[in-house]
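Let me begin by presenting the structure, written as C-alpha cells, before commenting on it.
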Amino acid sequence: MGLFLQRREKDCVTFVEDLLRYIDLLRVNIDTERKSLAAFDSEFVARCGKQFSDYRSGTGGAPSKRTGKLADDFFDGVVACNNSQQLAKHLDYYKAVVAAQLAEMSCGGKRKGLYVKLGLLLGAMVGLLFL
Numbered sequence: 000m001g002l003f004l005q006r007r008e009k010d011c012v013t014f015v016e017d018l019l020r021y022i023d024l025l026r027v028n029i030d031t032e033r034k035s036l037a038a039f040d041s042e043f044v045a046r047c048g049k050q051f052s053d054y055r056s057g058t059g060g061a062p063s064k065r066t067g068k069l070a071d072d073f074f075d076g077v078v079a080c081n082n083s084q085q086l087a088k089h090l091d092y093y094k095a096v097v098a099a100q101l102a103e104m105s106c107g108g109k110r111k112g113l114y115v116k117l118g119l120l121l122g123a124m125v126g127l128l129f130l
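Next comes the structure, spelled out in C-alpha cells:
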C-alpha cells in the first residue's frame, strides 16, 4: 500500500513537471518559432512522460483530480485565447500557479520513509484484525 501511494505521488509530481515544461516551451514557441499548436503538441507528447502523454492523447486521465483540474483549466484557457498576447498572459499566469503547486507537492525528502512506514502500519493492522 505504501509503495503504491509513493508511486502515485511520483506520477503526480512528474505530471505537474511535464505541464510546467509544456508551458515554458509553449511560451518559447509563441515568442520565436510560431509552430501550430497541433504540431507543437505532437512534438512535446513524443518527448514527455507517460502520464502527460496519455493525458494529451486522450488514452488516459490525469494521475489525480487536483492535477487533472489544473491541466483541464489550463488547456481550456489555451483554446479560448484569441491572440498571442492573450496567450502569453495566460501562460505567465499558469506558470506561476503550476510552479506553486509543484513546490507544494515536492517537499524535498521530508516524506522519504513515510510510505514504507504507512504500508507496514496498514499491514500490521490487517494482520491484527485477522488474529
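Taking numbering that gives the first Met the number 0, I'd label the letters of the sequence shown as residues 0 to 130. Backbone N, C-alpha and C fix where the C-beta goes; we use that ideal spot for every residue, glycine too. Fair warning: this is a prediction, and the values are worked out from it, not measured in the lab.
Around the beta carbon of L120, fewer than 16 other beta carbons lie within 10 angstroms, which makes this residue exposed. For the 8 Å CB-CB criterion, I29 and L86 form a contact.
Under the 10 Å beta carbon count, Y92 is surrounded by fewer than 16 other beta carbons and is classified as exposed. Nearest Cα to T58 within the set R65, Q50 and K64: Q50.
Cβ neighbours of G67 within its own chain (closer than 7 Å, five residues either side excluded): G60 and A61. Excluding five sequence positions before and after G48, the CB atoms of its chain that fall closer than 6 Å to its own CB belong to T13 and D17, given in chain order. Excluding residues up to 5 positions away in sequence, Y21 and L24 lie with their Cβ nearer than 7 Å to the Cβ of F43 in the same chain. Bounds of the alpha helix (DSSP H) holding L101 are S83 to M104.
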